Amino acid sequence: MEAFSHIAAATGLTGDEAKAAAAASSAGFAYGLAAIGPGIGIGYLVGKSVEAMARQPEAAGMVRTTMFLGIAFTEALALIGFVVFILIGL
Amino acid sequence: MSDATAMTTALPGPSPEVAVTKDMVRRGLIVAPLLIAICGFVWGLDGAYSSAYGIAIVLVNFALAAIIVAYTARISLGLMMGAVLFGYLVRLGLIFLAVLLVKDLSWISLPALGTTIIVTHLGLLVWEMKYVALSLAHPGLKPSARHSQELS
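Chain order of the listed sequences is A and B. Start counting the first sequence at 1; every next residue gets the next number (my numbering). Start counting the second sequence at 1; every next residue gets the next number (my numbering).
1) Taking C-beta to C-beta, are Leu77(B) and Ala54(A) nearer than 8 Å?
2) Assuming Ala35(A) and Leu92(B) are in contact, meaning their beta carbons sit under 8 Å apart, how far apart are those beta carbons, in whole angstroms?
3) Verify whether the separation of the beta carbon atoms of Ala10(B) and Arg74(B) is less than 8 Å.
4) What does Glu75(A) reach in chain B if we use C-beta pairs closer than 7 Å?
5) Note down, in chain order, every chain B residue with its Cβ under 9 Å from the Cβ of Ile36(A).
6) Quick check: Leu69(A) and Met129(B), are their CB atoms within less than 8 Å of each other?
7) Candidates Ile95(B), Val69(B), Phe96(B): which alpha carbon is nearest Ala83(B)'s?
8) Would you check if there are 3 or more beta carbon pairs closer than 8 Å linking the segment 106-113 of chain B to the segment 37-50 of chain B?
9) Does the CB of Gly61(A) have a neighbour CB from chain B at under 8 Å?
10) Does any residue of chain A have a CB that is nearer than 8 Å to the CB of Gly114(B)?
11) Going straight from the alpha carbon of Gly28(B) to that of Gly12(A), what length do you get?
12) What did DSSP end up calling Pro14(B) once you bin it into helix, strand or coil?
13) Short of 8 Å Cβ to Cβ, which residues in the segment 39-52 of chain A face chain E?
14) For Tyr88(B), is the classification buried or exposed, using 16 other Cβ atoms within 10 angstroms of its Cβ as the cut-off for buried?
15) Taking 8 Å as the cut-off, decide whether the C-beta atoms of His121(B) and Val58(B) are in contact.
16) Could you tell me the distance, in whole angstroms, from the CA atom of Tyr71(B) to the CA atom of Ala30(A)?
17) Going by beta carbon distance, what residues of the same chain come within less than 8 Å of Pro12(B), once the five residues before and after it are set aside?
18) Compare the beta carbon distance of Phe82(A) and Ile95(B) with 8 Å and say whether it is the shorter of the two.
19) Apart from the five residues just before and just after Ala23(A), which ones in its own chain have a Cβ nearer than 6 Å to its Cβ?
20) What do you reckon, are the CB atoms on Leu45(A) and Ile71(A) nearer than 8 Å?
21) So, is Ile40(A) buried or exposed, given that buried needs 16 or more other C-beta atoms within 10 angstroms?
22) For a cutoff of 8 Å on Cβ pairs, would you count Leu92(B) as touching chain A?
23) Residues in the same chain with beta-carbon distance under 6 Å from Ala10(A), minus the five sequence neighbours each way, listed in chain order, please.
24) Suppose you measure from the CA of Val185(B) to the CA of Met67(A); what does that come to, to the nearest Å?
25) Does the beta carbon of Ala56(B) sit closer than 8 Å to a beta carbon anywhere in chain A?
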């Protein structure tokens, strides 16, 4: 709370405005950080799947199915970050 | 197989991810009234509208992901890899835009929307996983007893 009054004094905002601004920027950081992990995960997952499909094209159907579900599960992490973002800062 | 071959290999056959997504959309439409009713009970009419919007976002997101994979896999695996990665960014951007456009409207309830997005996404995936795990030979579609007999 003391930090918000310092920010408010320095920026000319009221305490509530400073708190809202801090919440919005924190939510933005949280969403950005939450999207990095799934991005790395999807890259790794798809890279390995492409390798598997190129090595064994006859198993491509099975690999694509599990790859697609893996992408969707990994993306759920980013969606959770997004929901936190919309609840805190949007 | 070399990396160059991996990047130029195309998969012109059927698209299992489209079958999986059709299955998930069908199940999503089946459970949608229940989710909307629950959100309506908890958050009122705004919650019901927001829940319907959240379900639509999740189903369109699944459909877009499947279309991207199915379309690009017919061209090359390298293109598919790039399209999936950029598609991830684009789809997150579209979801953000879809929520940003409605966030100030009177009928939107952000807690209901957020809860619906997470529950629908994870719920449909877990539900689908059950069937895919039952039958990886027929991705996304549990074979009927008659079909299994024909194969054996």
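All C-beta atoms, glycine included, are put in the ideal place defined by N, C-alpha and C. If you're wondering where the values come from, they're calculated on a predicted model, not measured in any experiment.
Per the coordinate set shown:
1) yes
2) 6 Å
3) yes
4) Tyr88
5) For Ile36(A), there are no neighbours in chain B by C-beta distance under 9 Å, as the nearest C-beta there is about 11 Å away.
6) Yes; because the gap between Cβ atoms is below 8 Å, this pair is in contact.
7) Val69(B)
8) yes
9) yes
10) yes
11) The straight-line gap from Cα to Cα measures roughly 49 Å.
12) coil
13) Absent from the structure: chain E. Protein chains present are A and B.
14) The residue is buried, with at least 16 neighbouring Cβ atoms inside 10 Å.
15) Inclusion of His121(B) and Val58(B) in the CB contact set at 8 Å is warranted, their separation being smaller than that value.
16) Going by the C-alpha atoms only, they are around 33 Å apart.
17) If the five residues before and after Pro12(B) are omitted, its C-beta is found closer than 8 Å to the C-beta atoms of Arg74, all from its own chain and listed in chain order.
18) yes
19) Ile88, Gly89
20) Taking 8 Å as the Cβ cut-off, Leu45(A) and Ile71(A) qualify as a contacting pair.
21) exposed
22) Taking Cβ atoms only, chain A reaches closer than 8 Å to Leu92(B), which makes this a yes.
23) Nothing listed; no residue qualifies.
24) Residue 185(B) is absent from the structure shown; chain B starts at 1 and stops at 152.
25) no
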